[in-house]
Ligand SMILES: Cc1cc2nc3c(=O)[nH]c(=O)nc-3n(C[C@H](O)[C@H](O)[C@H](O)COP(=O)(O)OP(=O)(O)OC[C@H]3O[C@@H](n4cnc5c(N)ncnc54)[C@H](O)[C@@H]3O)c2cc1C
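Residue numbers (this note's numbering): 143 to 682.
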């Protein structure tokens, strides 16, 4: 079944209209940074599906990677990123982002972000830098120990709130992008107060984050349902690398509780991974042991769980200095304490979970998508920085760099666009979801949970042709079901987006017959030079 262009019928004469120079969809670090890049002479409307502080950005723990130590080298950060990306990074993009990192950190400091400082008097005023898996040097700046994202988001929100030209609408769900003459002209949105509204914009920036919520086991908050990828796909933009979901190796696993990330920085500080028998297994899998890139550690954990017939493995920090660990990881210490676990003494049960989406909407160096008038930044994109596997702490950096570029680019384009606004004719107004199925109630949570379980079982850390074909068959059935009816609530549109994005992910995963980065095919266990290219999608 072909994905329809619009989830609801757009009737311009029956809805409210709003005009803005720049529309930004998403209020994580990418969206906030983009808003701050727009000159105050232009109006900005920024919308978020939930509260401003509910995002992957606000959850980020470990930190942000940048060459800040005089003994560190850009070349080494570039090399580490390329190695993790398993041959699919775009080297120009990697160079650009990494060389820009110190500037982006400096901007954050001027906006009031407090990074943790080195403790000794000689280096007072210097940012304390830690190390994470795949990095050859200590280059991760962090804040409040393990609450880096929250601190950066706090400072950015404060700066955004001070700008007269930026209007923020929270609890506002984007239903679809609006296009006219195959150019993006804004979005169709909904909130409780104004109902369905067409927001017409000279330029639109998509910053809707990732898709971890497509999986049963995930570190992502509830907003990460892959909406932006589905919106862009329906509007005709190109997407790529959709088979590459990064599974974080260490997610706290306590059955019945929500999953919490245990930051990689903990392994950077010397934590060991052990199995149920207390055996430290990582050196058997990779010479970098616990500091190997995430795909390797996740696969090793799943293997070890299978070998030991156990639902999880454990992290142990019992051999490290207890006072330092308490001070360094206060947030995670608190989470563990809720379950009666003492981070400094007990074995912490962990297993992998869906964490970061490497694929998404294709963007160029400036954040321009293939759809004129649409820009994108952050986790919703495929910029070429991460390739097949993101290096730890490179994604906050990407969100800042591309947020800044997209904001500047969209603002320049908006200035050149005619100032007069009128409601344009939209493309394909009749290509909407049909109301074929009678209006009986649908249990959204039931379909969502079934989809998440299917993705975890069949499209998880390890996949094969059979598991992926089964997943496609099942998703096709759900597609017909959820696209056969028009919904009038965010839960319904979210479900339709989840099904659309999941389908693209599974199709790519089936097509790529090799193992590379975050994509492990047990029927094709080797990396294959034949697949040294990207898989792209576009709704035709
Ligand atoms: C637990 C955790 C820890 C992490 N730790 C780190 C780390 O230490 N270092 C690092 O570099 N990266 C880390 N990451 C990854 C990093 O946080 C994200 O990749 C990055 O913050 C993404 O930023 P973003 O602005 O693109 O998206 P997000 O921060 O996810 O923001 C997305 C925004 O889009 C909005 N939105 C979504 N759909 C819609 C819609 N339909 N309509 C309107 N609005 C919508 C949401 O409401 C939200 O405001 C971590 C991620 C998690 C989950």
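In this text, a Cβ means the ideal position worked out from N, Cα and C, and glycines have one as well.
Since the structure is predicted, the reported quantities are computational estimates derived from the model, not experimental observations.
Residue i burial status per 10 Å Cβ neighbour count (16 or more: buried)
i: residue 251; result: exposed
i: residue 570; result: exposed
i: residue 449; result: exposed
i: residue 546; result: buried
i: residue 198; result: buried
i: residue 539; result: buried
i: residue 668; result: exposed
i: residue 390; result: buried
i: residue 692; result: Look at the range of the chain in this structure, 143 to 682, and you will see that residue 692 is not part of it.
i: residue 533; result: buried
i: residue 419; result: exposed
i: residue 159; result: exposed
i: residue 630; result: exposed
i: residue 259; result: exposed
i: residue 404; result: buried
i: residue 615; result: exposed
i: residue 234; result: exposed
i: residue 674; result: exposed
i: residue 182; result: exposed
i: residue 118; result: In the structure displayed, the chain extends from 143 to 682; residue 118 sits before or after that span and is not available.
i: residue 554; result: exposed
Terminal residues of the alpha helix (DSSP H) in which residue i lies
i: residue 643; result: 632–653
i: residue 439; result: 436–449
i: residue 469; result: 464–470
i: residue 390; result: First-last for residue 390: 387–394, but that is the beta strand (DSSP E), not the alpha helix (DSSP H).
i: residue 415; result: Per DSSP, residue 415 belongs to no alpha helix (DSSP H); it is in the beta strand (DSSP E), 414–416.
i: residue 373; result: 369–377
i: residue 408; result: 407–410
i: residue 427; result: 424–427
Beta-carbon contacts of residue i that lie in its chain and below 7 Å, excluding the five residues immediately before and after
i: residue 542; result: 171, 175 and 246
i: residue 468; result: 475 and 486
i: residue 330; result: 152, 317, 318, 320, 338 and 340
i: residue 242; result: 543
i: residue 568; result: 152, 320, 321 and 322
i: residue 563; result: 161 and 342
i: residue 297; result: 250, 253, 254 and 255
i: residue 293; result: 255, 256, 285 and 286
i: residue 666; result: 655, 656 and 657
Below-9 Å beta-carbon distance, residue i vs any chain C residue
i: residue 560; result: No chain C appears in the structure shown, which is made up of a single protein chain.
Nonlocal neighbours in the same chain, by C-beta distance under 6 Å from residue i, ignoring five residues either side
i: residue 624; result: 637, 638 and 641
i: residue 608; result: none
i: residue 306; result: none
i: residue 163; result: 184, 185, 344 and 556
i: residue 355; result: 362, 366 and 367
i: residue 460; result: 487
Limits of the unbroken beta strand (DSSP E) element including residue i
i: residue 500; result: Segment: none, residue 500 is in no beta strand (DSSP E) and carries neither H nor E.
i: residue 163; result: 158–167
i: residue 456; result: 455–458
Close-in-space but distant-in-sequence residues of the same chain around residue i (CB under 8 Å, 5 per side omitted)
i: residue 261; result: 270
i: residue 105; result: No answer is possible for residue 105: it lies beyond the span of the chain, which begins at 143 and ends at 682.
i: residue 504; result: 379, 380, 381, 382, 511, 512, 523, 524 and 678
i: residue 742; result: Residue numbering for the chain in the displayed model covers 143 to 682; residue 742 lies beyond these limits and cannot be assessed.
i: residue 282; result: 204, 205, 206, 207, 271, 272, 273, 274, 407, 410, 534 and 535
Take every Cβ of the segment 217–225, pair it with every Cβ of the segment 190–200, and state whether three or more of those distances are shorter than 8 Å.
Result no; under three Cβ-Cβ pairs closer than 8 Å.
List, from N- to C-terminal side, the alpha helix (DSSP H) runs of 4 residues or more that fit wholly inside the segment 260–341.
Entirely contained in the segment 260–341, the alpha helix (DSSP H) runs reaching 4 residues are, in chain order, 290–304.
Return the chain-ordered ranges of every alpha helix (DSSP H) run that is complete within the segment 179–237 and spans a minimum of 4 residues.
Fully enclosed alpha helix (DSSP H) runs of 4 or longer: 198–201 and 216–226.
Check whether the segment 198–213 touches the segment 369–383, taking contact to mean three or more Cβ pairs, one atom from each stretch, closer than 8 Å.
Counting C-beta pairs with one atom in each stretch, the segment 198–213 and the segment 369–383 have fewer than three that are closer than 8 Å, which means they do not touch.
Ignoring anything shorter than 3 residues or poking outside the segment 582–635, list the beta strand (DSSP E) runs there in chain order.
Counting only runs of at least 3 residues, the segment 582–635 fully encloses no beta strand (DSSP E) element at all.
I want to know whether the segment 336–346 touches the segment 510–519 - three or more CB-CB distances under 8 Å.
Yes: the two stretches touch, three or more of their Cβ pairs being nearer than 8 Å.
Using a Cβ distance threshold of 8 Å, determine whether the segment 438–447 contacts the segment 483–500, with at least three qualifying pairs required.
Counting Cβ pairs under 8 Å, three or more are found: they touch.
At what residue ranges does the segment 472–547 contain a whole run of the beta strand (DSSP E), taking only runs of 3 or more?
Secondary structure remark: continuous beta strand (DSSP E) runs of at least 3 residues inside the segment 472–547, in chain order: 490–499, 502–504 and 516–518.
Taking three-plus beta-carbon pairs below 8 Å as touching, is the segment 418–430 in contact with the segment 520–540?
Taking 8 Å as the limit for Cβ pairs, the verdict is that the segment 520–540 does not touch the segment 418–430.
Would you check if there are 3 or more beta carbon pairs closer than 8 Å linking the segment 364–375 to the segment 594–606?
Flag = no, the segment 364–375 and the segment 594–606 do not touch.
Between the segment 395–403 and the segment 228–241, do three or more beta carbon pairs fall short of 8 Å?
Contact fails: fewer than three Cβ-Cβ distances are below 8 Å.
Threshold first: 4 residues or longer. Then list the alpha helix (DSSP H) segments lying entirely within the segment 552–581, N to C.
Fully contained in the segment 552–581 is no alpha helix (DSSP H) run of length 4 or more.
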